[in-house]
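Trainee: As given, the protein sequences belong to chains S and U, one line each in that order.
Be aware that the first sequence starts at 1, since it is given in full-length UniProt numbering, and climbs by one per residue.
Be aware that the second sequence starts at 1, since it is given in full-length UniProt numbering, and climbs by one per residue.
Even for Gly, the Cβ is constructed at its ideal location relative to N, Cα and C.
Sharing a structure here in structure tokens format.
There are 2 protein chains.
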Amino acid sequence: MSQSIDIAVVGASGAVGGALVELLEERQFPVGKLHLLASEASAGQSVPFKGRNLRVGSIAGFDFAQVGLAFFAAGEAVTRQYASAAQAAGCSVIDLSGGLPLDQAPRVVAEVNPQVLKTMQPPYLFASPTSAATALAVVLAPLRPLLDWQRLSITACLPVSSQGREGVAELARQTAELLNARPLEPRFFDRQVAFNLLGLVGAVGTDGHAQVERRLIEDLRQVLDAPVLKVAATCVLVPVFFGDSLSVSVQAAKPIDLHAVQAALEGAASVEVLEKDEYPTVITDAIGQDLVFVGRARNGVDDPTELNLWIVSDNVRKGAAHNAVQLAELLIKHRP
Amino acid sequence: MSQSIDIAVVGASGAVGGALVELLEERQFPVGKLHLLASEASAGQSVPFKGRNLRVGSIAGFDFAQVGLAFFAAGEAVTRQYASAAQAAGCSVIDLSGGLPLDQAPRVVAEVNPQVLKTMQPPYLFASPTSAATALAVVLAPLRPLLDWQRLSITACLPVSSQGREGVAELARQTAELLNARPLEPRFFDRQVAFNLLGLVGAVGTDGHAQVERRLIEDLRQVLDAPVLKVAATCVLVPVFFGDSLSVSVQAAKPIDLHAVQAALEGAASVEVLEKDEYPTVITDAIGQDLVFVGRARNGVDDPTELNLWIVSDNVRKGAAHNAVQLAELLIKHRP
């Protein structure tokens, strides 16, 4: 075991923060002292780690010089407020909030573009992409040598947990109200999400694109090192608690050999590929797993240059926490 | 009121059959005698029509020479068994099951390609497309003059009612079991559909495409009179009871003028268009309506030749029954 490192987990009371702490223990990450932090409002809770319950403290006034590495898994605003100061204090930062621009915090997926880390100097500051971009990159990167892709068209069906624990509670509450035939008053979301699909997630720009869509596209382009790849993305909020479900259509310049695609996916790290007439689901496959599942790899109905895929992944675990911990493992491996 | 016509509704005990009967009354269709029919197993139920409860009889042995028009809204097998014989008996047939090939039963959407009817001779035999194709055609046809489309990429999120009343009952049952923390044994679907997305709907071909996907593409091409248009389609079963939700990306040869798109949709029949930062949902907009709702009309993030749309429509009412009754209205208008 390598020398241990003191760590801060910001947003430890959230779903992703909890999964981070779990994975640090599970993967026997060489954690020295573990500081669990959250905003003032969320501090005070307890999170289990190695048989003890650790109290979540307030980030306000925390001295990041005490730790060698900090995961930021709270909101974007928290990252924007504290991440640069943490780095300035000598602490490497892995952001999971998407709160920093790509040039300030490059997006890295452990299986796809770990070489980015070698171009940086400690203390590091970089980010794990949005969960859907991480899952997509894990599946698409191994296909890059096979297909001269020209355009991706993505419909990302995001679970309510993408909006935090309040999203999860609200879907449960709405569903129970409806099943008991009680009148429904949406609270956390602006309308009914139970037994319904919301075709717009979060804030929307003047060009009509949601911020999550723009991020998905930008993160994916950076991780795949494909800055001008055309990507159409629509993010939809679905009445699912956990797990991203992604419908992807790739358009290539040349016919795509499905056998080669299947073989490349079978050999890819962190990918579990099903046959073309099989499909994974978040409930039966992805939840709690550190793999991205892909099925239904098929050409277009009469277009061999088209490749369609159905991808599912645990948005909290694989799409966020697992990637971040893998990145941390890479960091300590390359420590001076 | 024009001269009345005797009518048979096959599949009258199903959701679409019920909606057909409702619309015939609501739109004051000149119905003479109304025969409600179903397979032996579903016969015997009652369906209300103009203040009376009509008994659903068995299709076996029914003499279609008694009626001038028959709607086939039962399964494909029923259509394949009886539709040709009905036509041979002098009865015009409007199929809603998709059970007949396109050359035998051309797909017609009232707002889009009604001219097809003029090329035919009575007794007619034609079909209303799959509900998603109907909704897509209603929205896309008015855009045809504006954009030189090259490719459509569609993710169609289909409700459990697309699989009939048993699909509706199964989602309700599964949801109640899960909310009550009882162990779930999927029955009607092969796995959990509550709080989950099934990335493959119904039967799948050796090429990996589901039959519903192939139909969606073929129906859409025929209705839009675009036989070689490239269409990528993925159909997903979602935990929603009623209403299709469609994520569409159009790729055109030239930049697409969003103002012209918005204006064309505002002037289109049976379309309700929202602003580009607004989105309709099946629950809040589409259910029970005879309109197709579209929102989020936006270009690509940095590609003016791309147009993205979010479309919702009542799969039972607008996508099936309403179109079929509109087609019937066209037929009697052109009666000799």
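Kindly list the residues whose CB is nearer than 6 Å to the CB of residue 57(S), restricted to its own chain and excluding five residues on each side of it in sequence; keep chain order.
Mentor: In the first sequence, counting from the first residue as 1, residue 57(S) sits at position 57. The answer, listed in chain order, is 37 and 43.
Trainee: Are the C-beta of residue 149(S) and some C-beta of chain U separated by less than 8 Å?
Mentor: In the first sequence, residue 149(S) corresponds to position 149, counting from 1. It does not; no Cβ of chain U falls within 8 Å.
Trainee: Can you have a look at residue 48(U) and say buried or exposed, based on whether 16 or more other CB atoms are within 10 angstroms of its CB?
Mentor: Indexing the second sequence from 1 puts residue 48(U) at position 48. It is exposed - the Cβ of residue 48(U) has fewer than 16 other Cβ atoms within 10 Å.
Trainee: Got a sec: is the Cβ-Cβ distance from residue 113(U) to anything in chain S below 8 Å?
Mentor: Position 113 of the second sequence holds residue 113(U). By this cut-off, residue 113(U) is not an interface position.
Trainee: Classify residue 4(U) as buried or exposed, calling it buried when 16 or more other Cβ atoms lie within 10 Å of its own Cβ.
Mentor: Along the second sequence, read from residue 1 onward, the residue named residue 4(U) stands at position 4. With fewer than 16 Cβ atoms within 10 Å of its Cβ, residue 4(U) is classed as exposed.
Trainee: Quick check on this structure: which residue in 168(U), 159(U), 325(U) and 313(U) has the alpha carbon closest to the alpha carbon of residue 134(U)?
Mentor: For the purposes of this step, residue 134(U) is taken as the residue at position 134 of the second sequence. Closest option to residue 134(U), Cα to Cα, is 313(U).
Trainee: CB residue 251(S) to CB residue 306(S), shorter than 8 Å?
Mentor: Working through the first sequence from its first residue, we reach residue 251(S) at position 251. Working through the first sequence from its first residue, we reach residue 306(S) at position 306. In this structure, residue 306(S) lies closer than 8 Å to residue 251(S) by Cβ.
Trainee: Sorted by chain position, which residues of the same chain lie with C-beta nearer than 7 Å to residue 268(U)'s C-beta, five sequence neighbours on each side aside?
Mentor: In the second sequence, residue 268(U) corresponds to position 268, counting from 1. Beyond the five residues adjoining it in sequence on each side, residue 268(U) comes within less than 7 Å, by CB distance, of 142 in the same chain, given in chain order.
Trainee: Please confirm whether residue 390(S) has its beta-carbon closer than 8 Å to some beta-carbon of chain U.
Mentor: Here chain S has residues from 1 to 336 only, and residue 390(S) is not among them.
Trainee: With burial defined as no fewer than 16 other Cβ atoms inside 10 Å of the residue's Cβ, what is the status of residue 270(U): buried or exposed?
Mentor: Along the second sequence, one-based indexing puts residue 270(U) at 270. By the neighbour-count rule (16 or more Cβ atoms within 10 Å), residue 270(U) is buried.
Trainee: Classify residue 302(U): buried if its beta carbon has 16 or more other beta carbons within 10 angstroms, exposed otherwise.
Mentor: Walking along the second sequence from the start, residue 302(U) turns up at place 302. Exposed.
Trainee: Nearest by alpha-carbon distance to residue 311(S): which of 24(S), 264(S), 279(S) and 289(S) is it?
Mentor: If you number the first sequence from 1, residue 311(S) lands on position 311. Nearest of 24(S), 264(S), 279(S) and 289(S) to residue 311(S), Cα basis: 279(S).
Trainee: In chain U, which residues lie less than 9 Å from residue 192(S) when you measure between Cβ atoms?
Mentor: The count along the first sequence starts at 1 and reaches residue 192(S) at position 192. Chain U residues near residue 192(S): 281, 283 and 284.
Trainee: Answer yes or no: do residue 51(U) and residue 76(U) have a C-beta to C-beta separation smaller than 8 Å?
Mentor: In the second sequence, the residue the question calls residue 51(U) occupies position 51. In the second sequence, the residue the question calls residue 76(U) occupies position 76. Not closer than 8 Å, so no.
Trainee: Is the number of C-beta pairs between the region 136-154 of chain S and the region 173-191 of chain S that are closer than 8 Å three or more?
Mentor: no
Trainee: Which stretch, first to last residue, makes up the alpha helix (DSSP H) that contains residue 211(S)?
Mentor: Counting from 1 along the first sequence, the entry for residue 211(S) is found at position 211. 211-223 is the span of the alpha helix (DSSP H), which, as asked, contains residue 211(S).
Trainee: Using 8 Å as the Cβ pair cut-off and three pairs as the minimum, do the region 112-120 of chain S and the region 194-202 of chain S touch?
Mentor: no
Trainee: Hey, could you find the ends of the alpha helix (DSSP H) residue 170(U) is sitting in?
Mentor: Residue 170(U) sits at position 170 when you count from the first residue of the second sequence. Here the alpha helix (DSSP H) through residue 170(U) covers 165-179.
Trainee: Quick one, which of 204(S), 333(S) and 326(S) has its alpha-carbon nearest residue 71(S)'s?
Mentor: One-based indexing of the first sequence puts residue 71(S) at position 71. Here the closest residue by C-alpha is 326(S).
Trainee: My output table needs one value for residue 323(U): the three-state DSSP class, helix, strand or coil.
Mentor: The residue labelled residue 323(U) in the question sits at position 323 within the second sequence. For residue 323(U), the three-state secondary structure derived from DSSP is helix.
Trainee: With distances taken Cα to Cα, identify the nearest neighbour of residue 122(S) among 89(S), 130(S) and 103(S).
Mentor: Numbered from its first residue, the first sequence carries residue 122(S) at position 122. Residue 122(S) has its Cα closest to that of 89(S), out of 89(S), 130(S) and 103(S).
Trainee: Let me see if you follow: with CB-CB separation under 8 Å, is residue 265(U) close to chain S or not?
Mentor: Here residue 265(U) is taken as the residue at index 265 of the second sequence, counted from 1. Chain S, which has no Cβ nearer than 8 Å to the Cβ of residue 265(U), makes this no.
Trainee: If you follow the alpha helix (DSSP H) that residue 35(U) is in, where does it begin and where does it stop?
Mentor: On the second sequence, residue 35(U) is found 35 positions in, with the first residue counted as 1. No alpha helix (DSSP H) holds residue 35(U); the beta strand (DSSP E) holding it covers 31-38.
Trainee: Any idea what DSSP makes of residue 130(U), helix, strand or coil?
Mentor: The count along the second sequence starts at 1 and reaches residue 130(U) at position 130. Residue state, collapsed to three classes: coil.
Trainee: Looking at the secondary structure, which residues open and close the alpha helix (DSSP H) in which residue 68(S) lies?
Mentor: For the purposes of this step, residue 68(S) is taken as the residue at position 68 of the first sequence. That residue, residue 68(S), is in no alpha helix (DSSP H); it is neither H nor E in DSSP.
Trainee: Compare the C-beta of residue 187(U) with all C-beta atoms of chain S and state if any pair is closer than 8 Å.
Mentor: The residue you call residue 187(U) lines up with position 187 of the second sequence. Chain S, which has no Cβ nearer than 8 Å to the Cβ of residue 187(U), makes this no.
Trainee: With 8 Å as the C-beta to C-beta threshold (strictly closer), list the residues of the region 119-153 of chain S near chain U in chain order.
Mentor: 151 and 153
Trainee: Would you identify the three-state DSSP class for residue 191(S), choosing helix, strand or coil?
Mentor: The sequence position of residue 191(S) within the first sequence is 191, counting from 1. Here residue 191(S) sits in coil by DSSP.
Trainee: Roughly how many angstroms separate the alpha carbons of residue 102(S) and residue 219(S), rounded to a whole number?
Mentor: On the first sequence, position 102 is the one that residue 102(S) refers to. On the first sequence, position 219 is the one that residue 219(S) refers to. Their Cα atoms are separated by approximately 8 Å.
Trainee: Taking only runs that begin and end inside the UniProt domain "Semialdehyde dehydrogenase NAD-binding" (6-120) of chain U, name each unbroken beta strand (DSSP E) of 3 or more residues, in chain order.
Mentor: Correct list: 31-38, 46-49, 52-55, 69-72 and 92-95.
Trainee: Within 8 Å (strictly less), CB to CB, does residue 292(S) reach chain U?
Mentor: Counted from its first residue, the first sequence places residue 292(S) at position 292. With 8 Å as the cut-off, residue 292(S) does not count as an interface residue toward chain U.
Trainee: Listing by chain order, which chain U residues have their CB less than 7 Å from the CB of residue 247(S)?
Mentor: Locating residue 247(S) in the first sequence gives position 247, where the first residue counts as 1. Ordered by position in chain U, the residues that pass the 7 Å Cβ test against residue 247(S) are 155, 234 and 236.
Trainee: Can you find a CB in chain U that lies within less than 8 Å of the CB of residue 239(S)?
Mentor: Your numbering for residue 239(S) matches position 239 in the first sequence. Yes, contact with chain U.
Trainee: What is the residue span of the beta strand (DSSP E) that residue 252(U) lies within?
Mentor: The residue given as residue 252(U) occupies position 252 in the second sequence. Where residue 252(U) is concerned, the enclosing beta strand (DSSP E) stretches over 244-252.
Trainee: Residues of chain U with a CB under 7 Å from the CB of residue 277(S): which are they?
Mentor: Start at 1 with the first residue of the first sequence, and residue 277(S) comes out as number 277. Residues of chain U passing the Cβ test: 204 and 208.
Trainee: Residue 262(U) lies in the alpha helix (DSSP H); which residues open and close that run?
Mentor: Numbered from its first residue, the second sequence carries residue 262(U) at position 262. Segment 258-266, the alpha helix (DSSP H) holding residue 262(U).
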